[in-house]
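K.L.:
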Amino acid sequence: AYADELLHQAAQSVRLSAARRIASAGVHAWPGKSADATGVAVARELGIDLARHRAKMLDDAMVDSADLLLVMDRLNEAELVSRYPRAGRRVVLLGEFDRARSRDPAIADPYMRGPDAVRESFQRIAAAVDGLVRTLSEN
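Last residue of the sequence shown: 235 in the working numbering, with the numbers rising by one and none dropped.
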């Protein structure tokens, strides 16, 4: 949810091509479910509104239309590739785009882990989104 909102904002600020479409979905999503309350509160502290976010399940059409499928961690990467082998090289850890990264590119899911874990994940997501947007705007 947070990465999706940051990507949308960043895409508008750097005027990425209108041909680039951003969508958020999960391999374990509960369709229609709101973002975690702790995540919503921490995002609000950071100036991001997640109150309207609703989860969507990743489906065949999304996979087939995507040029890039971003995942946060290796478990989601493995699950996505297992379900959709044709996605192959289009599946990338978002953390790979963090240009200052000095550790594993996997970003831990902070769900149900408290505000400090959420803040840490959101900081890593923001750095990776910044790197992704720079990469996309260079191409």
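Note that beta-carbon positions come from the ideal geometry of N, C-alpha and C, so glycine has one too.
Among all the DSSP beta bridges, which residues are the ones paired with Met153?
P.N.:
Gly122
K.L.:
Under the DSSP definition of a beta bridge, which residues are partnered with Val177?
P.N.:
Answer by DSSP bridge pairing: none, since Val177 is not bridged.
K.L.:
Assuming Leu190 contacts Met168 (C-beta within less than 8 Å), just tell me the rounded distance between them.
P.N.:
6 Å
K.L.:
In angstroms, rounded to a whole number, what distance separates the CA positions of Asp160 and Ala137?
P.N.:
34 Å
K.L.:
Which residue's Cα is closest to the Cα of Ser198: Asp163, Ala174, Arg220, Leu166?
P.N.:
From the listed residues Asp163, Ala174, Arg220, Leu166, the smallest Cα separation to Ser198 is found for Arg220.
K.L.:
I need the boundaries of the beta strand (DSSP E) containing Leu165, first residue and last residue.
P.N.:
Here the beta strand (DSSP E) through Leu165 covers 165-167.
K.L.:
Determine the closest residue to Phe218 out of Thr134, Val187, Arg179, Asp155, with distance taken between C-alpha atoms.
P.N.:
Thr134
K.L.:
Helix, strand or coil: how does DSSP classify Ser130 here?
P.N.:
strand
K.L.:
Is it the case that the region 201-218 contacts the region 138-149, given that we only count it when at least three CB pairs across the two stretches are under 8 Å?
P.N.:
yes
K.L.:
DSSP three-state label for Leu142, please.
P.N.:
coil
K.L.:
Can you tell which of Glu173, Tyr180, Ala162, Ala121 has its C-alpha closest to the C-alpha of Arg150?
P.N.:
Ala121
K.L.:
In whole angstroms, what is the alpha-carbon distance linking Glu192 and Ile118?
P.N.:
18 Å
K.L.:
Where Val145 and Leu102 are concerned, what is the direct C-alpha to C-alpha distance, given to the nearest angstrom?
P.N.:
The displayed chain sequence assigns Asp, not Val, to residue 145. Each residue's Cα considered, the two are about 10 Å apart.
K.L.:
Could you give the C-beta distance for Leu165 and Val187, rounded to a whole number, given that I count them as a contact under 8 Å?
P.N.:
Right, their Cβ atoms sit about 5 Å apart.
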